[in-house]
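Asker: Going by the UniProt record's numbering, the sequence shown opens with residue 1, and the numbers climb by one from there.
Idealized CB from N, CA, C, for every residue including glycine.
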Amino acid sequence: MTKDSSFYIRFFKVLDMGLVALSIWVSCHLVVLLAPLFHWEGVFYPDAFDWAPWKVWTVVVAVPLILERYGFYRKRNLQRPARAVQQLCKFMVCVGVLLSLYLLWLQSIDLNVKRLLWVGCALVPIVLFVRYYLCYRYMTREHADAEQLTSVVLMGKHSKQMAMWESLPDDWRKSFNVVGVYDPDMMTLDEFEQLIVVHSVEQVVVFGKLAEAMLTREACELCDLQGIDVCLCVDNLSATEKMPRYETVGNKGFLIFRNAPVLSWQMFFKNVLDKVGALCLLLVSSPLWLIAIIGIKVSDPKGPVFYKQKRSGLYGKPFNMWKFRSMYVDAEQRLEEVKREYGNDMSGPIFKLKNDPRIFRFGSFIRKTSIDELPQLFNVLTGDMSLVGPRPLPVYETAALPNIKDRRRMSVKPGLTCYWQIEGRSSTTDFDQLIAKDLKYVDTWSFWLDIRLLLRTIPAVLFRRGAE
Numbered sequence: 001m002t003k004d005s006s007f008y009i010r011f012f013k014v015l016d017m018g019l020v021a022l023s024i025w026v027s028c029h030l031v032v033l034l035a036p037l038f039h040w041e042g043v044f045y046p047d048a049f050d051w052a053p054w055k056v057w058t059v060v061v062a063v064p065l066i067l068e069r070y071g072f073y074r075k076r077n078l079q080r081p082a083r084a085v086q087q088l089c090k091f092m093v094c095v096g097v098l099l100s101l102y103l104l105w106l107q108s109i110d111l112n113v114k115r116l117l118w119v120g121c122a123l124v125p126i127v128l129f130v131r132y133y134l135c136y137r138y139m140t141r142e143h144a145d146a147e148q149l150t151s152v153v154l155m156g157k158h159s160k161q162m163a164m165w166e167s168l169p170d171d172w173r174k175s176f177n178v179v180g181v182y183d184p185d186m187m188t189l190d191e192f193e194q195l196i197v198v199h200s201v202e203q204v205v206v207f208g209k210l211a212e213a214m215l216t217r218e219a220c221e222l223c224d225l226q227g228i229d230v231c232l233c234v235d236n237l238s239a240t241e242k243m244p245r246y247e248t249v250g251n252k253g254f255l256i257f258r259n260a261p262v263l264s265w266q267m268f269f270k271n272v273l274d275k276v277g278a279l280c281l282l283l284v285s286s287p288l289w290l291i292a293i294i295g296i297k298v299s300d301p302k303g304p305v306f307y308k309q310k311r312s313g314l315y316g317k318p319f320n321m322w323k324f325r326s327m328y329v330d331a332e333q334r335l336e337e338v339k340r341e342y343g344n345d346m347s348g349p350i351f352k353l354k355n356d357p358r359i360f361r362f363g364s365f366i367r368k369t370s371i372d373e374l375p376q377l378f379n380v381l382t383g384d385m386s387l388v389g390p391r392p393l394p395v396y397e398t399a400a401l402p403n404i405k406d407r408r409r410m411s412v413k414p415g416l417t418c419y420w421q422i423e424g425r426s427s428t429t430d431f432d433q434l435i436a437k438d439l440k441y442v443d444t445w446s447f448w449l450d451i452r453l454l455l456r457t458i459p460a461v462l463f464r465r466g467a468e
């Protein structure tokens, strides 16, 4: 049901393995530091990684497995602190018993090593709880912000929807914002379409028996066209039915028909690449910012340096996209006039004009060299955009998309570059071809595809391929 629960569980396990290894290394130093306080004599520095490396790494791997056995990783670490303490106490009892048996078995073990073991056993749970608490505070604070919640619509018989939703665990439901309900007997398909568009819905949750769910087939197909995840509660589904993906939440089972890329290691590395890449590009491009600021002020001193416009982001959610201003300040007011007089080089709802009279001379230069796009690096840092992804359309152009399936391009974050930018840009005038290129990216996405597209963007920008 959650897009990223399995990823978070794997991520926390790997993180905890690293913290356990770090705790063992710190324990080696603590033994020496605590010696004067407890009057330990004959203390030497027992480097556990040199003394018994295979035993240390066995412990590092075993700790997350034991914690998982006691439910420490359930609910993406969103269980309450008291519950986490209870699980860690069970873990300490288990480890304490195993350690005592180990020391009884090896009675000849050096006293310093025994001290190291007990210090490590005390330190590891403390470190793990601190990690859990920091993650818990961060994730619950993130979920407290309505803009960070996953927008969902409940689908099914109205009498059952909210009751079944409320029966799911409270901690789990904190991740979601229910923006509406859809009962096929009470709402038309057009009204449902309007609901998911207006609220930038990311998931639709279907309740009821499978036969009832099939009555909503057209609505589910509508979601599929836009790349919206459909989660089907399958309490009454036979285990022999074909299941694309199955997850349990509390005592409910859900079928998930995934359309957009799920949070995985590849998506994790994409997010890291976005942040690190944007910071590096900001530093490298700083001289170009100075040139752009001076050029804009000289060319059109009356207007601002930056231009802000509402664009459609992930699932159509509006955000403010920034650019260096390349047009005169009255450009938006003159748009309809320019359309009537000069027409549109682009088919469909997207407006493109080769010699747009609203662009001043220096503005034409920064558009051809893509310098005008540099402020969008801040949109990447804030998470509204990615380095690679379909270009975000203005909100009014998104509203004019002729086919609902065209909205599937918004099931991934918009980006600075994609197939359209490296395969022609303004030389591509067919709207359907543009959409096809964006959907090609959505359907074939991988981290390595992003790397390839970024590398192909460099010569496209340097040689101004298709730039107008």
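Give every residue of the same chain whose Cβ lies closer than 7 Å to the Cβ of S347, excluding the five residues on either side of it in the sequence, and list them in chain order.
Answerer: Residue 347 sits at position 347 when you count from the first residue of the sequence shown. Taken in chain order, the residues that qualify are T429, D430, F431.
Asker: Name the one or two DSSP bridge partners that G253 has.
Answerer: Counting from 1 along the sequence shown, the entry for residue 253 is found at position 253. Answer is T248, bridged to G253.
Asker: Could you tell me whether the region 355-362 touches the region 279-290, where touching means 3 or more Cβ pairs closer than 8 Å?
Answerer: No, the region 355-362 does not touch the region 279-290.
Asker: Rounded to the nearest angstrom, what separates P459 and Q309 at their Cα positions?
Answerer: Translated into positions along the sequence shown, residue 459 becomes position 459. Translated into positions along the sequence shown, residue 309 becomes position 309. If you take the alpha carbons of P459 and Q309, they lie about 28 Å apart.
Asker: Once the 5 residues before and after A400 are set aside, which same chain residues still bring their CB inside 7 Å of it?
Answerer: Position 400 of the sequence shown, counting from 1, holds the residue named residue 400. Here the set comprises P349.
Asker: By the 10 Å Cβ neighbour count, where 16 or more other Cβ atoms means buried, how is N403 classified, buried or exposed?
Answerer: Start at 1 with the first residue of the sequence shown, and residue 403 comes out as number 403. Counting Cβ neighbours within 10 Å, N403 comes out exposed, since fewer than 16 surround it.
Asker: From L15 to D406, what distance separates their C-alpha atoms?
Answerer: Here residue 15 refers to the residue found at position 15 when the sequence shown is read from its first residue. Here residue 406 refers to the residue found at position 406 when the sequence shown is read from its first residue. If you take the alpha carbons of L15 and D406, they lie about 39 Å apart.
Asker: Please go through the same chain and pick out, in chain order, the residues whose beta-carbon is closer than 8 Å to the beta-carbon of M321, but skip the five residues on each side of it.
Answerer: To locate residue 321, count along the sequence shown from 1; it is residue 321. These residues qualify, in order along the chain: K308, Q309, K310, R311, Q376, N379, D384, M385, P392.
Asker: Should S326 and I366 be called a contact, given that it needs their Cβ atoms to be closer than 7 Å?
Answerer: Position 326 of the sequence shown, counted from the start, is the residue given in the question as residue 326. Position 366 of the sequence shown, counted from the start, is the residue given in the question as residue 366. Yes, they are a contact pair.
Asker: So, using beta-carbon positions, are T150 and F176 closer together than 7 Å?
Answerer: For the purposes of this step, residue 150 is identified with residue 150 of the sequence shown, where counting begins at 1. For the purposes of this step, residue 176 is identified with residue 176 of the sequence shown, where counting begins at 1. Yes. Within cutoff.
Asker: Mind checking V329: buried by the 16 CB within 10 Å criterion, or exposed?
Answerer: Against the sequence shown, residue 329 aligns to sequence position 329. Exposed.
Asker: Using three-state DSSP, classify K317 as helix, strand or coil.
Answerer: Mapped onto the sequence shown, residue 317 falls at position 317. K317 falls in the coil class under three-state DSSP.
Asker: Rounded to whole angstroms, what's the CA-CA distance from L434 to I359? Just pull it up for me.
Answerer: Here residue 434 refers to the residue found at position 434 when the sequence shown is read from its first residue. Here residue 359 refers to the residue found at position 359 when the sequence shown is read from its first residue. Cα to Cα, the separation comes out at about 23 Å.
Asker: Check whether the Cβ of L30 lies closer than 7 Å to any Cβ atom in chain D.
Answerer: Note that chain D does not occur in the displayed structure, where there is just one protein chain.
Asker: Quick check: F269 and F7, are their CB atoms within less than 7 Å of each other?
Answerer: The count along the sequence shown starts at 1 and reaches residue 269 at position 269. The count along the sequence shown starts at 1 and reaches residue 7 at position 7. Their beta carbons are not under 7 Å apart, which means F269 does not touch F7 by this criterion.
Asker: Give the list of continuous beta strand (DSSP E) stretches no shorter than 3 residues that lie fully inside the region 360-434.
Answerer: Fully enclosed beta strand (DSSP E) runs of 3 or longer: 386-388, 415-417.
Asker: Helix, strand or coil for V26 per DSSP?
Answerer: Walking along the sequence shown from the start, residue 26 turns up at place 26. Residue state, collapsed to three classes: helix.
Asker: Pull up the DSSP beta-bridge partners for Q226, would you.
Answerer: In the sequence shown, residue 226 corresponds to position 226, counting from 1. Its beta-bridge partners do not exist; DSSP assigns none.
Asker: To the nearest angstrom, how far is it from the Cα of Y132 to the Cα of S23?
Answerer: As a position in the sequence shown, residue 132 is number 132, starting the count at 1. As a position in the sequence shown, residue 23 is number 23, starting the count at 1. If you take the alpha carbons of Y132 and S23, they lie about 15 Å apart.
Asker: So V206 packs on V230, CB below 8 Å; how close in whole Å?
Answerer: In the sequence shown, counting from the first residue as 1, residue 206 sits at position 206. In the sequence shown, counting from the first residue as 1, residue 230 sits at position 230. About 7 Å separates the two Cβ atoms, so the contact holds.
Asker: Helix, strand or coil: how does DSSP classify W448 here?
Answerer: Locating residue 448 in the sequence shown gives position 448, counting from the first residue. Helix.
Asker: Kindly indicate the opening and closing residues of the alpha helix (DSSP H) around residue 502.
Answerer: Residue 502 is absent from the model: the chain starts at 1 and stops at 468.
Asker: Using a Cβ-Cβ cutoff of less than 6 Å, which residues in the same chain neighbour K437 once the five nearest sequence positions on both sides are dropped?
Answerer: Along the sequence shown, one-based indexing puts residue 437 at 437. The residues are Y419, W420.
Asker: Once DSSP output is grouped into helix, strand and coil, what is the label at Q194?
Answerer: In the sequence shown, counting from the first residue as 1, residue 194 sits at position 194. Q194 falls in the helix class under three-state DSSP.
Asker: What does a CB cutoff of less than 7 Å around R409 pick up in its chain, not counting 5 residues either side in sequence?
Answerer: As a first step, residue 409 must be located in the sequence shown, where it is residue number 409. Once the five neighbours on either side are set aside, the close Cβ partners of R409 are P390, I435, D438, L439, V442.
Asker: If you check the beta carbons only, do P125 and M92 fall under 7 Å apart?
Answerer: Numbered from 1 along the sequence shown, position 125 holds the residue referred to as residue 125. Numbered from 1 along the sequence shown, position 92 holds the residue referred to as residue 92. Contact flag set, yes.
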